[in-house]
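Enquirer:
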Amino acid sequence: MIAEPAVNLSAELRRLLGPDRVLDAHSDLAVFECDAFVIEKHCPSVAVFPQTANEVAAIVKLCNERGVPFVPRGAGTSLAGGGLPVGGGVMIVLTRMREILEVNLRDRYAIVEPGVVNAWLNKRLAGTGFHYAPDPSSQGACTIGGNCATNAGGPHTLKYGVTVNHVLGVEIVTAEGEIVQVGGPVEDSPGPDLVGTIVGGEGTLGIVTKIWVRLTPNPQGVRTMLGIFESVDDATQAISGIIGAGIIPAALEMMDQGILVAVEEAFHFGFPLDAEAILLIEVDGIEVGLDAQRDRVAEICRQNNAREVRFAADAKERLQLWKCRKQAFGAIGRLSPSYCTQDGVVPRTKLPHILQRIRAIGAKYDLRIVNVFHAGDGNLHPILLFDERNAGEIERVLAASGEILNECLECGGSVTGEHGIGLEKLNFMNRMFTDDDLDVMTRLRDALNPGGLLSPGKLLPTAGACGMEQIHPGRRAAL
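Numbered per our numbering, the sequence shown spans residues 604 to 1082.
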């Protein structure tokens, strides 16, 4: 059973941070009861807002002294419940640690605090000839610290890789309150890949307080195009055809008709509302040969029955296309009061099959499901539309989500590509990994988080029973 904070813990935290950086009134804490995964809600007992690593360390030491659990949180854009304080405890909100500490163009790295919003770094880099490559669709709101926690991806993952491929080092506060640096500005630090372990650890192995990120040179040229298809199957065949031709686009995104309607109503880009699917395709690199690559991609789309292939005429039109894609989730509010986004992965050749199964599962549970996803690497984001005020709909969403993720596993895929396991997919870990695999992961976590107070009840099914009895009963039944 999780210990609740002592009555005077809030007072001690106020002495440590000041009165304006500690919240303990329920009316103030309600905003932190969930992240973007709205089905699960767990309210912290106290929320604190440190501004330095030393303050984070002091908070962690105090929690250890009192036996109180604690969990880090970024901007709250997580889609798997990774930042939820299961069973209560202290929430350490890192959004006030938001400084870009250094930009070193010669050595191609930057140092940022965890609360730096992803898009801020690229805004700072504008005109330098460099950019930070990971670009989650929520990059206008999500933080780089949060991206590290879940090993976030984004549309350009296909060519440039996910967050872990662009993190050189981290400073963390350990579960016991020590400040430790792992990695740094140099490439290939000797010894075990602890950076790769912490990135994607979902805040269960330490609290990241500083990040060294790799800067990537801007490509000489970019070509962006839109393939319009009469059927989802034709669009998925075109995806396989492009990759099969040896072309690795910078991005290869798919949106189906359901999401197209919402996006068109929001942005009036001129999408044909009778199309079943569109592909947003971008190739980049040196200018020589780029037009030929673009034309080959267009040819493959037409060979797979594309009704039309449009080319972005200029940078403004390209940005408008990407605005439509990256703000697609915001446009969903036009379709439904609530939604749940899944994050399964399948081999590209299985895309036609899995999309057919998603349609069948939606019909089975009488749910509308729309799709917008990173098609190039098989990272699906089926979006289940519902009304969270209706308990019956929540139960159907949970059951449908479970079937979709199970099907991803049956296809030889994974239940997460970039959103993480968090609380949402906890029980799928036993299906993805053997007992021996989970034992090794558990021993690693226990070595770095020996008291189990840091982010309990997350990521691993053996992460302790703290507060797990509070998990939604429908989720227990579905999983």
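Note that the Cβ used here is the ideal one computed from N, Cα and C, for glycine as well.
Every value quoted in this text rests on a predicted model; they were computed, and no experiment measured them.
Assess contact between the segment 940-957 and the segment 1004-1023, defined as three or more Cβ pairs (one per stretch) separated by less than 8 Å. Is contact present?
Expert: The segment 940-957 vs the segment 1004-1023: in contact.
Enquirer: Looking only at its own chain, which residues have a Cβ that is under 6 Å from the Cβ of Leu682, when we skip the five neighbours before and after it?
Expert: Same-chain partners within the cutoff: Ala639, Phe640, Thr944 and His1022.
Enquirer: Tell me the residue span of the beta strand (DSSP E) that contains Ile695.
Expert: Unbroken beta strand (DSSP E) run through Ile695: Val693 to Val696.
Enquirer: Measure how close the beta-carbons of Val816 and Val706 come, nearest whole angstrom, since I'm counting them as under 8 Å.
Expert: Between Val706 and Val816 the Cβ distance is about 10 Å, and since that is not below 8 Å, they are no contact.
Enquirer: Assuming Asn667 contacts Leu1056 (C-beta within less than 8 Å), just tell me the rounded distance between them.
Expert: Yes, Asn667 and Leu1056 are in contact; Cβ-Cβ is about 6 Å, under 8 Å.
Enquirer: Measuring alpha carbon to alpha carbon, tell me which of Cys637, Ala650, Asn611 and Lys644 ends up nearest Arg563.
Expert: A question about residue 563 goes unanswered here, because the residues of the chain that appear run from 604 up to 1082.
Enquirer: Roughly how many whole angstroms lie between the Cα atoms of Gly757 and Gly995?
Expert: Going by the C-alpha atoms only, they are around 33 Å apart.
Enquirer: Which of the three DSSP states is assigned to Gln930 in this structure?
Expert: Three-state DSSP puts Gln930 in coil, outside helix and strand.
Enquirer: Would Glu615 and Leu665 qualify as a contact pair, given that the criterion is a beta-carbon distance under 8 Å?
Expert: Yes, these two residues count as a Cβ contact at 8 Å.
Enquirer: Near Pro717, what residues of its chain come up, given a Cβ to Cβ distance below 7 Å and the 5 sequence neighbours on each side ignored?
Expert: Excluding sequence neighbours, Pro717 sits near Gly677, Leu697, Met700, Thr746, Ile747, Gly748, Val811, Thr812 and Ile814.
Enquirer: Near Asp894, what residues of its chain come up, given a Cβ to Cβ distance below 6 Å and the 5 sequence neighbours on each side ignored?
Expert: Excluding positions up to five away in sequence, the list is empty.
Enquirer: Glu636 by DSSP, collapsed to three states: which one?
Expert: Glu636 falls in the coil class under three-state DSSP.
Enquirer: Just checking my contact of Ser648 with Gly691 at CB under 8 Å: how many whole Å lie between their CB atoms?
Expert: Confirmed, Cβ separation roughly 4 Å.
Enquirer: Which term fits His984, buried or exposed, when burial requires 16 or more other beta carbons within 10 angstroms of its beta carbon?
Expert: Flag for His984 reads buried.
Enquirer: Which residue from Ile842, Met857 and Asp859 puts its Cα closest to that of Ile851?
Expert: Looking at the Cα atoms, Ile842 is the closest of the given residues.
Enquirer: Would you call the CB atoms of Cys751 and Val770 closer than 8 Å?
Expert: Going by C-beta atoms, Cys751 is nearer than 8 Å to Val770.
Enquirer: Under the assumption that Tyr712 contacts Leu818 (Cβ atoms under 8 Å), give the Cβ distance between them as a whole number of angstroms.
Expert: Indeed, because the Cβ distance is near 6 Å, the residues count as touching under 8 Å.
Enquirer: Using the three-state DSSP reduction, which class does Gln784 fall into: helix, strand or coil?
Expert: Of the three classes helix, strand and coil, the one that applies to Gln784 here is strand, per DSSP.
Enquirer: Provide the residue span of the beta strand (DSSP E) that contains Met828, from first to last.
Expert: Looking at the DSSP string, the run of the beta strand (DSSP E) that includes Met828 is Gly824 to Phe832.
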